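Residue numbering for the sequence shown is 2 to 125, as defined by my numbering. Glycine included, C-beta positions come from ideal geometry on N, C-alpha and C. Since the structure is predicted, the reported quantities are computational estimates derived from the model, not experimental observations.
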Amino acid sequence: EVVTPDEPLRVNGDLSHLTRAISNLLGNALKYGGEAPQVTIRVQRVAGDVTISVADQGSGLASSEIPRLFEPFYRGQRASEAQIPGSGLGLALVKRIVESHGGRVNAANGPSGGALFTIELPAA
Numbered sequence: 002e003v004v005t006p007d008e009p010l011r012v013n014g015d016l017s018h019l020t021r022a023i024s025n026l027l028g029n030a031l032k033y034g035g036e037a038p039q040v041t042i043r044v045q046r047v048a049g050d051v052t053i054s055v056a057d058q059g060s061g062l063a064s065s066e067i068p069r070l071f072e073p074f075y076r077g078q079r080a081s082e083a084q085i086p087g088s089g090l091g092l093a094l095v096k097r098i099v100e101s102h103g104g105r106v107n108a109a110n111g112p113s114g115g116a117l118f119t120i121e122l123p124a125a
């Protein structure tokens, strides 16, 4: 599901890099979202920022692992145990791209379960 406002929201940035960051979050949501993943992408304006959130309905994030998720090569215990392929570089790349655009990225458990990743970028 994609939820966007009626009016366009703009940020100053490199289209290919920002597309890569969002694509990485979407790929993770599909990979970790369970057998029949349901993913919601929401774009909205919050104060002076444009926020892009990617939420899945998977098993969520272990709270003890959230602070390390954006470290290069870090893989959570669930990913290792389930032998889900990956190098542990995707979220580190997302963070680097977002921060190079003056933004922030956050990870949390969604209010109704699953993982919720949010990119906040300054609005143009």
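I need the DSSP call for Arg43, collapsed to helix, strand or coil.
The count along the sequence shown starts at 1 and reaches residue 43 at position 42. DSSP places Arg43 in strand when its eight states are reduced to three.
Measure from the alpha carbon of Asp15 to the alpha carbon of each residue in Gln78, Gly103, Phe71, Ala116, then state which is nearest.
Against the sequence shown, residue 15 aligns to sequence position 14. Among Gln78, Gly103, Phe71, Ala116, the Cα nearest to that of Asp15 belongs to Gly103.
Report yes if the C-beta of Pro86 is less than 7 Å from at least one heavy atom of the ligand SAM; otherwise report no.
Although the ligand SAM was asked about, the structure shown includes no ligands whatsoever.
Residues in its own chain within less than 7 Å of Leu117 by CB, not counting five upstream and five downstream?
Counting from one through the sequence shown, the residue named residue 117 turns up at place 116. Here the set comprises Ser54, Ala56, Ala109, Asn110, Gly111.
Which same chain residues, not among the five before or five after Asn25, have their C-beta less than 8 Å away from its C-beta?
Residue 25 sits at position 24 when you count from the first residue of the sequence shown. Excluding sequence neighbours, Asn25 sits near Gly91, Leu92, Leu94, Val95.
Flag this pair as yes or no: are the beta carbons of Val47 and Val12 separated by less than 8 Å?
The count along the sequence shown starts at 1 and reaches residue 47 at position 46. The count along the sequence shown starts at 1 and reaches residue 12 at position 11. Cβ atoms of Val47 and Val12: not closer than 8 Å.
Enumerate, from N- to C-terminal direction, the unbroken beta strand (DSSP E) stretches of 3 or more residues contained entirely within the segment 72-110.
Taking only runs of at least 3 residues, the beta strand (DSSP E) segments lying wholly in the segment 72-110 are 105-110.
Using only CA atoms, which one of Ser60, Gly77, Glu36 lies nearest to Gly115?
Residue numbering aside, residue 115 sits at position 114 when the sequence shown is read from its first letter. The shortest C-alpha separation from Gly115 is found at Ser60.
Short of 6 Å in beta carbon distance, which residues of its chain neighbour Tyr75, apart from the five on each side in sequence? Order them along the chain.
Position 74 of the sequence shown, counted from the first residue, corresponds to residue 75. Only Arg69, Gly89 meet the Cβ criterion.
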